[in-house]
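*Asks:*
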Amino acid sequence: MSEKIYSKRREKLLNSIDGIAIIGSATHKIRSNDTEYVFRQNSNFYYLTGFEEDNSILMLINRDGVKKSVMFVQKKEPKLELWSGKRVGVKELKKRVHVDKIYENEKFEKILKKFLSHTKKIYLDLHVETPITTRVKNVVNESVHNSKFAYPQCYEDVHHLVNKMRLIKDKHEIELIKQAIKITKTAHENAMKNSLHVEYEYELQSLIEHTFTCSGAASDAYTTIVASGDNANTLHYIKNSDRLKDGRLILIDAGCEYKMYASDITRTFPRDGKFSSSQREIYELVLSVQKRVIEKIRPNILRSELQKFTQLELAKGLVELGVLKGSYKKIVKNGVINRYYPHGIGHWMGIDVHDTNPYFDENAKEIELQKGMVLTVEPGLYLPLNETKIPKKFRGIGIRIEDDILITSNGCKNLSSKIVKEADDIEEFYRNNKKKSVKYAH
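Oh and the sequence shown: position 356 is 377 in our numbering, straight run, nothing missing.
1) So, are the CB atoms of valine 310 and isoleucine 411 less than 8 Å apart?
2) Can you round the beta-carbon distance between isoleucine 94 and asparagine 126 to whole angstroms, since I take them to be within the 8 Å contact cut?
3) Going by beta-carbon coordinates alone, are valine 183 and tyrosine 68 separated by less than 8 Å?
4) Quick one: give me the first and last residue of the beta strand (DSSP E) that proline 291 is part of.
5) Is there contact between the segment 356-363 and the segment 423-431, where contact requires at least three CB pairs shorter than 8 Å?
6) Is it true that the segment 219-227 meets the segment 257-270, where meeting means three or more beta-carbon pairs spaced less than 8 Å apart?
7) Under three-state DSSP, which class holds alanine 248?
8) State buried or exposed for valine 59, treating a residue as buried only when at least 16 other CB atoms are found within 10 Å of its CB.
9) Thinking C-beta only, is phenylalanine 233 closer than 8 Å to cysteine 277?
10) Which residues does DSSP pair with threonine 56 in a beta bridge?
11) Is there at least one non-hydrogen atom of the ligand ADP closer than 7 Å to the beta-carbon of threonine 48?
12) Taking Cβ positions, are isoleucine 366 and leucine 327 nearer each other than 8 Å?
13) Spatial neighbours of serine 262 within its chain, please: C-beta separation below 8 Å, excluding the five flanking residues on both sides.
14) Per DSSP, isoleucine 229 forms a beta bridge with which residues?
15) Spell out the partners DSSP gives cysteine 277 in its beta bridges.
16) Jot down the residue ranges of each uninterrupted beta strand (DSSP E) in the segment 24-105, minimum 3 residues, whole runs only, in chain order.
17) Between the C-alpha atoms of asparagine 167 and threonine 155, what's the straight-line distance to the nearest angstrom?
18) Between the segment 434-443 and the segment 190-208, do at least 3 Cβ pairs fall closer than 8 Å?
19) Could you tell me the distance, in whole angstroms, from the CA atom of glycine 401 to the CA atom of tyrosine 362?
20) Is it the case that the Cβ atoms of lysine 457 and asparagine 215 are separated by a distance below 8 Å?
21) Ignoring anything shorter than 4 residues or poking outside the segment 412-452, list the alpha helix (DSSP H) runs there in chain order.
22) In terms of residues, what are the limits of the alpha helix (DSSP H) holding isoleucine 358?
23) Which first and last residues belong to the alpha helix (DSSP H) in which isoleucine 327 is found?
24) Report the rounded CA-to-CA distance for cysteine 235 versus arginine 416, giving the unit in angstroms.
25) Give the secondary structure of glycine 110 by DSSP, where H, G and I count as helix, E and B as strand, and everything else as coil.
26) Tell me the DSSP secondary structure of arginine 187 in three-state form.
27) Measure the alpha-carbon distance for isoleucine 82 versus lysine 142 and round it to whole angstroms.
28) Just to confirm the assignment, what range does the alpha helix (DSSP H) spanning glutamate 130 have?
29) Helix, strand or coil for isoleucine 204, going by three-state DSSP, please let me know.
30) Nearest-angstrom Cα distance between aspartate 121 and lysine 33?
31) From isoleucine 440 to leucine 342, what does the alpha carbon distance come to, in whole angstroms?
32) Give the DSSP bridge partners of aspartate 376, in chain order.
33) If you draw a straight line from the alpha carbon of histidine 209 to that of leucine 339, how long is it in whole angstroms?
34) Using the three-state DSSP reduction, which class does alanine 283 fall into: helix, strand or coil?
35) Return the chain-ordered list of same chain residues with a C-beta closer than 7 Å to the C-beta of alanine 212, the five sequence neighbours on each side being excluded.
36) Can you give me the Cβ contacts of histidine 180 inside the same chain, cut-off strictly under 6 Å, excluding the 5 residues immediately before and after it?
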C-alpha cells in the first residue's frame, strides 16, 4: 500500500491523542533454545507504518499545539546483517516513511526524556507488557524520581484507539483480503479434490499450506483445522493426525495471510463426495441458517441480533429434524442450544484473523455494523458421537460453514461466495474432479 495511506492513519491517531503515543514493533519469539519462530510484525505497528522490521518504534506527539511523528529503527551493523539479513537503517527509511524524525533505536530513551516534561498522558498498549512498555515505564519512573515533571503522568490505552480505527477497512485493505480469499479458495478446492487420494488429515493440511505458500501467501493466518468424523466436534481441533475414512465428513477451517491480511474460511464435505441422508439434513440446516443470516446483514444491525436469530433457527431446525425435542424457544432460553452450537456467529477480520477491534463502545453499548467492516459468519452444529440424548444416526456429525463478509452501504457482500458450499454443488464438484490435481492462485 502507498505510504500516503499509512501517513493518513498516523495523522488520524495523532489528532485523537493529547500527549505521547508509543507503539513498538513485534519482537522475535523463542521456539526452542536459540531457535526462533518466524517473525510476524505487530499488527498495530504495521497498520500505522507498513514497516516490517523488528526493534522499531513509532512515537507520536501531540502536546501544547505541537504535533510530531518520530520513528526509531535498528542501526545497520554488517556483522549482524550477515546472520539475520539486511537492515533498512535510518538513511533509507527516510525515503520510505514520511515522519518528522528518524533515529536509531538506541536513542529512544534520550529522545523520550526530552518530550516528557509537561506531558500529561502517555499512550501505550496496556493489554500486554512488552519490551517497549517496560522501556517507557523505566524512563518515566526515572524522570519522576528526578522531579523532571511539571504535570502528573497517566497511562492511556493506545491499543483501543488504533483498533477503533481498524474497524473500518479502506479499499486497499479490502483488496488484500480478497486476494487472501482467492488463494484460500484454491487451497480448499485442492483439499476437496484430493481427499480420496490421501490417507491422513495431516496430508490435507500439508496440501492446503503448500497451496498458500506456492500462491504467494506469507503463511496460514491461523493453525489449519482438518477434522474428520467426530473430530469436527472439537472446535479447535489441530492434531490433524487421524486416518480419513469413507462415509465421514471432513471439516476444514483454513485461511491464509496475504501481505499481512487474513482470510478465514470453513467448509465441510464428505470424504468420498456423497452426503448420507442424515449428514445432508444437518448440513442443509446449517447452510440455510448461514444464508439467511447473511441476508440480514446491513449497516446499523447488531451482531447480537444475528446471534440470537442463529440460535433460534438452529434450534428450530433441530426440533423439526427430531434431533431435539420440545419448544425450540425454550431450547434457546434454557441454554440447551449452547451444547450443540457453543460459539458466536462470527468475528471481526483484517490484519488479524480475529481482529481485536472493539465490539462495544466506551459506554458499554454494542457497536452497530457499518459500511467497511469485515466479519465472518460461521454457524455450526456439533453432535458428538457419545451424545446419547440425540438419535444415533446424527451422532458424530460436526458441521461448520464460514464465509468472510464485507458490510456495504445498504447490505453486505460475501467475499468468499465463489468457494463451493451447496450440497449438490459439492457432490458435482467431486464428480468433475475425480483425478488427483493441484492448482495455485496468483
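All residues carry an ideal CB built from backbone N, CA and C; glycine is no exception.
*Replies:* Put simply:
1) no
2) The sequence shown places valine at residue 94, rather than the isoleucine named in the question. Yes, valine 94 and asparagine 126 are in contact; Cβ-Cβ is about 6 Å, under 8 Å.
3) yes
4) 286-291
5) no
6) yes
7) strand
8) exposed
9) yes
10) Ser53
11) The model on display carries no ligand, and the ligand ADP is accordingly not part of it.
12) yes
13) Tyr221, Glu222 and Tyr223
14) Partner(s): none; isoleucine 229 has no beta bridge.
15) Asp241
16) 40-45, 51-53, 78-84 and 87-94
17) 18 Å
18) yes
19) 6 Å
20) yes
21) none
22) 358-361
23) A quick correction: the sequence has leucine, not isoleucine, at residue 327. Residues 324-341.
24) 38 Å
25) helix
26) helix
27) 10 Å
28) 129-137
29) helix
30) 16 Å
31) 27 Å
32) For aspartate 376, which the question treats as bridged, DSSP gives no partner whatsoever.
33) 28 Å
34) strand
35) Leu225, Leu228, Ile229 and Ile273
36) Asp146 and His148
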